[in-house]
Structures are given as C-alpha cells and as structure tokens.
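Sequence order for the protein chains is X and Y.
For the first sequence, my numbering assigns the number 1 to the initial residue and increments by one for each residue that follows.
For the second sequence, my numbering assigns the number 1001 to the initial residue and increments by one for each residue that follows.
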Amino acid sequence: MNQIAPNSYRTGPDEKGLFGIYGGRFVAETLMPLILDLQKAYDEAKADPTFQAELDGFLEHYVGRPSPLYFAERLTEHLGGAKIYFKREDLNHTGAHKINNVMGQILLARRMGKTRIIAETGAGQHGVATATACARFGLKCIVYMGEVDIERQKPNVFRMKLLGAEVVPALSGSRTLKDALNEALRDWVANVEDTFYCIGTVAGPHPYPEMVRDFQCIIGNETKKQMHRHEGRLPDSLIAAIGGGSNAMGLFHPFLDDASVEIIGVEAAGSGVDTGKHAASITGGRPGILHGNRTYILMDDDGQITEAHSISAGLDYPGIGPEHAWLNDTKRVSYVSATDKEALEAFQLCCQLEGIIPALEPSHALAHAMKLAPTKPKDHLMVICMSGRGDKDIFTVADHLGVKL
Amino acid sequence: MTTRIDQRFADLKKEGRAALVTFVTAGDPDYATSLEIIKGLPKAGADIIEFGMPFTDPMADGPAIQEAGLRALHAGQTLIKTLDLVRDFRKSDDRTPVVLMGYYNPIYIHGVERFLKDAKAAGVDGLIIVDLPPEEDDELCLPAIKAGLNFIRLATPTTDDKRAPTVLRNTSGFVYYVSVLGITGTKAPDLKSVEQNVTRLKGHTKLPIAVGFGVKTAEQARSIAKSADGVVVGSALVNAVKTSLKAGKATPETAKAVHRLVSEIAQGVRS
C-alpha cells in the first residue's frame, strides 16, 4: 500500500492525542482526571487572548525574546558550502530554549490555581528554567534529577538551589533522565490536589506533546520572519538536536508544510549506534510505550527499557517525542545521529570560529551541519538551532579532553 | 463466561467473607523460589494470586516493588518466563485465580494477540495493566475480554462519580480500589475514607471491590474486609522476600517468610 502524504503535517494530534499511531494517554488511572483537567485548561487558555498577551509580555521582557537569527560567517567560510545561521536560543534568560515552554506552563499552572510545581531534568536546563519561573512567581518548586546527572551537572544543581528549588535525586533504575521522569510521575500521583507537573519536552501523555510544542513554536515562527528579513525567503534546511525533541519540534513545526524546506533531527549516537551505547531512539529503537505515550524507545526484546548513553545529559533519554516518531514514519523529517566524539569536535570548532560556547546538545546538530554544509551550494540557507549555551558543560568537556580544572 | 475469578468471589460470598488477594513479583528473587512462593500461597490463605510482571520503569510503584522487579529482571525474568511460572503453578492448582499485573510495554512488544493466547493457555484469568486507562481500551482491554480474560481496572480516590462509569464500563472480574493517592507500599490507607469510597463505588457496580496499596497488617486487613469484598497485600510480601535474602540470593527462609505473613494477614481477613 502506498502511503499517502497528509494534506498538512500541522494538524495533529487528534482528539485522542495521537499523531498517527504515536502519542496517546498511557497513564495510571489516578492521573487520568488530572490530565483531562489539564487539557481543558490548556484549550481554554489557548483560546484566551489575555493568556497569550501575558505570555508574550514575559517572553519579551523576562526571557529576552525574540532571540537573534545570527549569520555564522566564519563557520560558513570554514565549511565552504551552505550559508549557516544560528537561531540563538542560548541567549535566552537561563541559557536555553527550555524557558519558552516553562513560562507557558507556569502561567497555565497559575491560571489553574496550582501552587506546587514539579519537574524532571536531565542536563538541568529545564530544571533551572522551572526553578527560575517558580522564583519569579513565588511557587514551590521540586525538581527530580537522576543521581548520575546531579554528579555531571553540578553548576545547574547549585543554580536550582540558589533559585529556591528543592532538587531530589532519582535513585532508581539508571539514575538518569528517564528515572527522574518516573519519580516526577510518582510524585504527581501522590500530590494531585495542588501540584502541576511541568514536563520539559514534547513527550509524556497527551496534551503535553502538543502543549510543549505549541509553546516552543515561537522558535520556528521567529526564524521564519527573521529569515525573510535577512534573505527575503524561506531557509533551505533546518537542523536541530533531539533528546525528547522540544527545541527541534519548536523550530520544525512552523515549516512542516513548506515542502521546499529540508528538515533534519540529530539524535545522540553516544559511542556509536552499533556499540549499543547511544541515545538514538529512532535509529536504534522501536515503537513501544513509556512515560504516557507510544513512541520510538530503546528497549530489549522483552520490552524492558534500556539505558541511553550520551555525553550530553540533555539527550540521554531512551525515547523521543511522539510527533517526531510520526514525522519519521511519514518521512517529512529525516533523523540522523552524531556521536559524542563528533559533538565534541563541533563544540570546539564553534568556540574557536564563532566565539560561542554551545551546549553539548546543539553540538550534535552542529556536528551534522559540519558534514552536510560542505555538500550544499553557497546560496543554500541552513538554520541550526543553537538550543543552549555550553557553560554548564565545560567540566564534562574538560574531562573528555583530559584537562584538569 | 465465568472465570476462576468470578467463581472464587461467588464461593467466598457464600462463605460470607472477603478475599485475600496476594501480590508477589514473578521471578523474585529467582524463578525456582518464585514458584515455591506462589505454590504455597493458597495453603497460606491467599484466595487470589496477583503476579507482578517485572518492568524496568514501574511508574505507579513504590521502592519495594521497584526493587523486586529489578531483582527479578537481574535474575533473568522475562514475560515468557512469567507465563511459564503460571503454567508450572497450574500443574498443581487449577482453582486459584491468577491475575497478572504490570505495565503495557512488555505485552505490546510480545504482541497483544500472541500474549492473550499465551496467557490464556498458561492459565491466567485476569490482567491489571496500570498504564492502560479506559481511554486506551482498544489497545488491550477489549481484545482481552474477547479472549476470555478479565480486565481488572484500578479505581482511585480521583475516580469521582462523574468518572466512575467510564472506569467501570469495560471492567470485569473485580474492581481494584487504590486506597491511597500515591504509589504502592508507601502511605497507610485512611480506613474511614476507604469505607466511604467503597460504598460509593458499590453504587456504580455489582462487581466485587478489592482494596489495596498500603495494606501491611492483619489489623488493617480486618478493617478493610468489613466493607470491601477483597483485600490486596503486595509491598509487605515483597518486603518479606527482601529481608529474607542473603547477599541478594534466596535462602530457605524466603518462601516461608512470605507464607507466614500471608497466614497472619489471612487471619485478619477471616476473623
């Protein structure tokens, strides 16, 4: 059977929260009424111009949007092909794209009268963003973080504490991002009355994948306008790194129906997809159910979830947002991967050529751009989502380069 | 269609007492000990056996059952071996109902139709799948009912009168009332609120209602058995397994410790 391309790639999810077969609401019954409430509250907020106006105000004056679309001139010269632009989400308040979504969810939590905010974090960027917004609005904030990630992301742990959040180590399983998510879900089940779960990526039960995507779409919407201003046309390609995939979905979604735009998501290949030590859910996983949704997941033949491996704590997750899974199957977006080693090389090149210290997450996108850009003509416009700054990663990078700090 | 579960509740109703439902994790701490544990459960006083299917990411379970699952997985437990355990148990017991409890992914990966066929053939009577709410009934609930297995749903303190009909619509066998807001084995149930909620749910269904999550003692079991049709004990039994281990391995005490605790709690349910 030939697969017929949909009329639009931007209409999902359906009323059951599905993108094709992906997504859904695979949660314990205790959470179902909460998820239905959240959906109702989000639908109402979305239709309320005062909510959007309030969010826009905070995004402009507190987050510092719009973020620049910056022409990376020296990297472009060095690679000798496509004209490369960075969408500078690293310049947002708190240093990454995570705050876009957090501002939206926290304003929604306030609207719903919730006073206690919980979140999971891997690299700590989402935790820092959540702690920041909670401090700004005087809300109690509890961040779950894998014990392993707490060790490798010490600066962000301290940042969260300075901002008044309680950081709770996830001690179960592999003690990384997936376990932090489990702990946050367990907390939510136990504290249904006053607690809002602020998920950091385009995963989890419906409506989270849709809601987080909508809040992150400001990345792509701004990029579209800015590229028109700079070049008078659409970009030719978009590249973004993918853990759960929120920065990528935010950049991609506004362009999904622009057929001329080539869209590429870059997963973390860790030590290499064939080594088994990686976090490339699409390349190395298969469809299954975890954390409330059906999507591509890393698992063994018994359906047990396997550990993800990546130099980047933010990509160290064995799943991916369900909409990405669907975009992969429909072939609208290509999913590739970059190894730890390639990301480290890209990290250093970006520091040296552009004076920008990228986070290890977007370094994976940069790594793929380094392969792709030289193959493209000089009038090819390429946008890379610079999803976060790399100050938090300097200890990890030093360690890998054999430098003692 | 009458399953072993329906039959057991009907029999107990005649006896005029509540059922003791015992949960242990399949393959914890190893296959042989796990088989020894479940084989001895009916004699110790268990009326229905809930058998946990280990999963790496049990989002509704507290530390006790999380650890039990990991112990079983490290000992090589798989979904197929869990079905083998049920088959082995059935060689000596064809009457005690067996309910598999767990999460959807291992079943989904095994293949829903294949799983239902294999489970039925092994002697499984019902399923409790934590992460399949009524909104996802097409996935497994409806096929399970068609295959002749009970699909037992969890009702919780957040299941209000508006939600209850949705939750109960495709439920069969019994209703598992989760007595606390939270994960397994952590908080103790508030007995008064349990009684109120069981009474409230009985207004929505004729099915037996079993109460679990946080029941640890004969005393709690006795109180709950007054209003409910069944009492579920899980984390306490799994903890008995854990404390009996030496260097993570089973000892001659392991199965005995579980059976002793079951006998104790059974006294509570029967008095």
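Heads up, the beta-carbon is just placed ideally off N, CA and C, and yes, glycines get one too.
From a predicted model like this one, the values you see are computed outputs, not experimental measurements.
So which residues of chain Y does residue i contact, with C-beta pairs closer than 8 Å?
i: residue 180(X); result: The premise fails here: residue 180(X) is roughly 11 Å from chain Y at the closest Cβ pair, so nothing lies under 8 Å.
i: residue 299(X); result: 1105, 1109
i: residue 404(X); result: Neighbours of residue 404(X) on chain Y: none; closest Cβ ~36 Å, over 8 Å.
i: residue 16(X); result: 1135
Rank the options by C-alpha distance to the C-alpha of residue i and give the top, closest one.
i: residue 182(X); options: 1019(Y), 1059(Y), 1026(Y); result: 1059(Y)
i: residue 33(X); options: 346(X), 14(X), 193(X), 372(X); result: 193(X)
i: residue 346(X); options: 85(X), 22(X), 366(X); result: 366(X)
i: residue 28(X); options: 1123(Y), 1184(Y), 1046(Y); result: 1184(Y)
i: residue 179(X); options: 1053(Y), 1001(Y), 1063(Y); result: 1063(Y)
i: residue 77(X); options: 105(X), 370(X), 233(X), 275(X); result: 370(X)
i: residue 1193(Y); options: 1228(Y), 1186(Y), 1040(Y); result: 1228(Y)
i: residue 314(X); options: 200(X), 6(X), 333(X), 42(X); result: 200(X)
i: residue 287(X); options: 1215(Y), 1266(Y), 1260(Y), 1109(Y); result: 1109(Y)
i: residue 231(X); options: 395(X), 20(X), 83(X), 158(X); result: 83(X)
i: residue 1246(Y); options: 1023(Y), 1005(Y), 1174(Y), 1029(Y); result: 1029(Y)
i: residue 45(X); options: 57(X), 104(X), 6(X); result: 104(X)
i: residue 1346(Y); options: 1257(Y), 1186(Y), 1259(Y), 1217(Y); result: Residue 1346(Y) lies beyond the stretch modelled for chain Y, which goes from 1001 to 1271, so this question has no answer here.
i: residue 1006(Y); options: 1226(Y), 1213(Y), 1172(Y), 1259(Y); result: 1172(Y)
Can you grab the Cα-Cα spacing for the pair residue i / residue j, in whole Å?
i: residue 1(X); j: residue 297(X); result: Only weak support is given to the placement of residue 1(X): the predicted model assigns it a pLDDT of 45, under 50, and the value that follows is read from those uncertain coordinates. Each residue's alpha carbon lies about 26 Å from the other.
i: residue 312(X); j: residue 348(X); result: 15 Å
i: residue 151(X); j: residue 124(X); result: 11 Å
i: residue 386(X); j: residue 67(X); result: 10 Å
i: residue 356(X); j: residue 132(X); result: 23 Å
i: residue 340(X); j: residue 113(X); result: 43 Å
i: residue 1099(Y); j: residue 1135(Y); result: 22 Å
i: residue 373(X); j: residue 1114(Y); result: 48 Å
i: residue 1031(Y); j: residue 1158(Y); result: 37 Å
i: residue 1150(Y); j: residue 1161(Y); result: 23 Å
i: residue 246(X); j: residue 1036(Y); result: 48 Å
i: residue 1200(Y); j: residue 1164(Y); result: 10 Å
i: residue 363(X); j: residue 189(X); result: 36 Å
i: residue 1106(Y); j: residue 1191(Y); result: 35 Å
i: residue 1075(Y); j: residue 1249(Y); result: 10 Å
i: residue 128(X); j: residue 88(X); result: 18 Å
i: residue 1055(Y); j: residue 169(X); result: 21 Å
i: residue 308(X); j: residue 281(X); result: 9 Å
i: residue 85(X); j: residue 8(X); result: 27 Å
i: residue 61(X); j: residue 96(X); result: 16 Å
i: residue 338(X); j: residue 264(X); result: 12 Å
i: residue 19(X); j: residue 209(X); result: 10 Å
i: residue 26(X); j: residue 145(X); result: 22 Å
Using a Cβ cut-off of 9 Å, pull out every chain X residue sitting near residue i, in sequence order please.
i: residue 1319(Y); result: Summary: the structure shown does not reach residue 1319(Y), with chain Y confined to residues 1001 through 1271, and so no result is reported for it.
Quick one: which chain X residues come within Cβ less than 8 Å of residue i?
i: residue 1104(Y); result: 26, 289
i: residue 1183(Y); result: 186, 189, 190
i: residue 1163(Y); result: 32, 33
i: residue 1153(Y); result: 29
i: residue 1191(Y); result: Simply none; closest approach about 19 Å.
Can you list the residues of chain Y that residue i reaches, using a CB-CB cut of under 7 Å?
i: residue 30(X); result: 1156, 1158, 1178, 1181
i: residue 172(X); result: 1066
Counting only Cβ pairs nearer than 7 Å, list the residues of chain X close to residue i.
i: residue 1078(Y); result: 302
i: residue 1060(Y); result: 28, 189
i: residue 974(Y); result: One cannot answer for residue 974(Y) here, as it falls past the ends of chain Y, which runs 1001 to 1271.
i: residue 1073(Y); result: 304
i: residue 1167(Y); result: 29
Just confirm the distance between the C-beta atoms of residue i and residue j, as a whole number of angstroms; I'd bet it's less than 8 Å.
i: residue 266(X); j: residue 242(X); result: 6 Å
i: residue 284(X); j: residue 90(X); result: Contact flag wrong, Cβ pair sits at about 28 Å.
i: residue 142(X); j: residue 198(X); result: About 10 Å; that fails the 8 Å criterion.
i: residue 1120(Y); j: residue 1102(Y); result: About 16 Å separates the two Cβ atoms, so there is no contact after all.
i: residue 120(X); j: residue 177(X); result: 7 Å
i: residue 135(X); j: residue 163(X); result: 5 Å
i: residue 1020(Y); j: residue 1265(Y); result: 6 Å
i: residue 175(X); j: residue 147(X); result: 4 Å
i: residue 353(X); j: residue 74(X); result: 4 Å
i: residue 1205(Y); j: residue 1175(Y); result: 6 Å
i: residue 250(X); j: residue 216(X); result: 3 Å
For chain C, check one thing: does any of its Cβ atoms lie closer than 9 Å to the Cβ of residue i?
i: residue 1025(Y); result: Any reference to chain C falls outside this structure, whose protein chains are X and Y.
Within 7 Å of chain Y by C-beta, residues of the region 128-140 of chain X in sequence order: none
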